[in-house]
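Visitor: Mind looking over this structure? Questions follow.
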């Protein structure tokens, strides 16, 4: 109950504008019960953040399974699930991408670990689809972080713009980055990065 109340409060008013009293009122629980469950507001925020990111990660994995071995279909399925989730529940954007960097060093580290986890998922997917990339001299961890960062930045830009573009348009324009990687691999771009 407190996690759901936290999603509503943090996602609509923001972490800094929300009090423990408001969260308890939304959950119809006493402050005593709150403090038996969480040390403070930040601890609840961490629980909310972990709950939401676990849900999203599980949904991404589920979206990928039917599209196995088709890079474009996998990218579009995962991106559609993510962007549709963000549009359907704008609270996610505020919790996962906006307030997370303004609370504390601990919460920022949590965000970095989560980004690392999503990048590892992308890296594993890229490596399984394009095994030749592993020995090509490219750092797939950096490639995966680049893709995840591009998708996150696109999601934030889209949210700040009021979700003006349809989900399919956003998905298509993000998927092109992943598809470009596939085209690069398929057309023999595996000799390794050029020297700087």
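In full-length UniProt numbering, the protein residues as written are 1 to 196. Cβ atoms here follow ideal geometry from the backbone N, Cα and C, with glycine treated the same way. Only a predicted model underlies this, so the values are computations on that prediction, with no experimental measurement involved.
1) Tell me, please, whether the stretch 32-41 touches the stretch 75-83 by the rule of three or more beta-carbon pairs shorter than 8 Å.
2) At what residue ranges does the UniProt DNA-binding region "H-T-H motif" (19-38) contain a whole run of the alpha helix (DSSP H), taking only runs of 4 or more?
3) Beta-carbon separation of residue 64 and residue 125 under 9 Å?
4) Between 92, 55, 22, 181, which has its C-alpha nearest residue 122's C-alpha?
5) Cα-Cα, which of 14, 134, 178 is closest to residue 94?
6) I need the straight-line Cα distance from residue 98 to residue 50, nearest angstrom please.
7) May I have the straight-line CA-CA distance separating residue 177 from residue 68, to the nearest angstrom?
8) Apply the 10 Å Cβ neighbour rule to residue 130 and answer buried if 16 or more other Cβ atoms are within range, or exposed otherwise.
9) Taking just the CA atoms, how far does residue 100 sit from residue 71?
10) According to the neighbour-count rule (16 or more other Cβ atoms, all chains shown, within 10 Å of its Cβ), is residue 113 buried or exposed?
11) Count the other CB atoms within 10 Å of the CB of residue 28; is the residue buried (16 or more) or exposed (fewer)?
12) Could you check how far apart the C-beta atoms of residue 145 and residue 119 are, in whole angstroms? I think they sit under 8 Å.
Guide: Taking the coordinates as given:
1) Cβ pair count under 8 Å is below three, so no.
2) Runs found: 20-27, 31-37.
3) Judged by beta-carbon spacing, residue 125 lies within the 9 Å limit of residue 64, meaning their Cβ atoms are closer than that value.
4) The shortest Cα separation from residue 122 among 92, 55, 22, 181 belongs to 181.
5) 14 is the residue among 14, 134, 178 whose C-alpha sits nearest the C-alpha of residue 94.
6) Taking the straight line from one Cα to the other gives about 15 Å.
7) Cα to Cα, residue 177 sits roughly 18 Å from residue 68.
8) It counts as buried.
9) C-alpha separation (whole angstroms): 31 Å.
10) Around the Cβ of residue 113, a 10 Å sphere holds fewer than 16 other Cβ atoms; the residue is exposed.
11) The C-beta of residue 28 has fewer than 16 other C-beta atoms within 10 Å across all chains shown, which makes the residue exposed.
12) The pair is a contact, with the Cβ atoms about 5 Å apart (cut-off 8 Å).
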